[in-house]
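Trainee: So the sequence shown is numbered by our numbering: it starts at 2 and just counts up by one.
Ideal placement from N, C-alpha and C gives every residue a C-beta, glycine not left out.
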Amino acid sequence: MEQSNQDVFELHSIDDVTSLVSIQPEATVSRTVMSTEGGNIVVFAMDKGQELSEHTAAMPVFVQVLQGKVTITSGDKKTELVQGGLVYFPVRLPHAVLAEEPTIMMLTMNTAARA
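1) Please report whether the beta-carbon of G40 lies at a distance below 7 Å from any beta-carbon of chain D.
2) Which of the three DSSP states is assigned to V18 in this structure?
3) Which residues bound the beta strand (DSSP E) around A97?
4) Per DSSP, T57 forms a beta bridge with which residues?
5) To the nearest angstrom, report how far apart R93 and N41 are at their CA atoms.
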C-alpha cells in the first residue's frame, strides 16, 4: 500500500516560543510546547538565581538559550551560555543549570521516531 506525502510528513510550527512562557519572580516555569514523533520541546523561564539542580536525562537533549544567560555545570566543568548558545547532553550525563539573569531556554528531547 502506497502512502501519500500527507501521510508521511506533518508540519508542526510555533511562531515564537519565547511568548509561550514568562519569567516569574523567584521562580522557574516550564511548559511543553510541542510533542511529536521523534521529539519534545519544553520551554523554561527562570528568574535570576533559579536553578535546576543536578539531574540526568533518559534521552539525548539539547538546551538553547533564547534570552538571558545560564551556567551549566557537569562534573568539574562549567559552561556559560548566552542568547543563541546551545549545549548537548548525552543520555544520563549529570548536569545542573543556574540562571545568571532572567532567562528563557528551550529544551529539545530526542525520542526515537516510530517506524
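Mentor: By the coordinates alone:
1) Any reference to chain D falls outside this structure, which holds one protein chain only.
2) helix
3) Looking at the DSSP string, the run of the beta strand (DSSP E) that includes A97 is H96 to A100.
4) In the DSSP output, where bridge partners are listed per residue, T57 has none listed.
5) 17 Å
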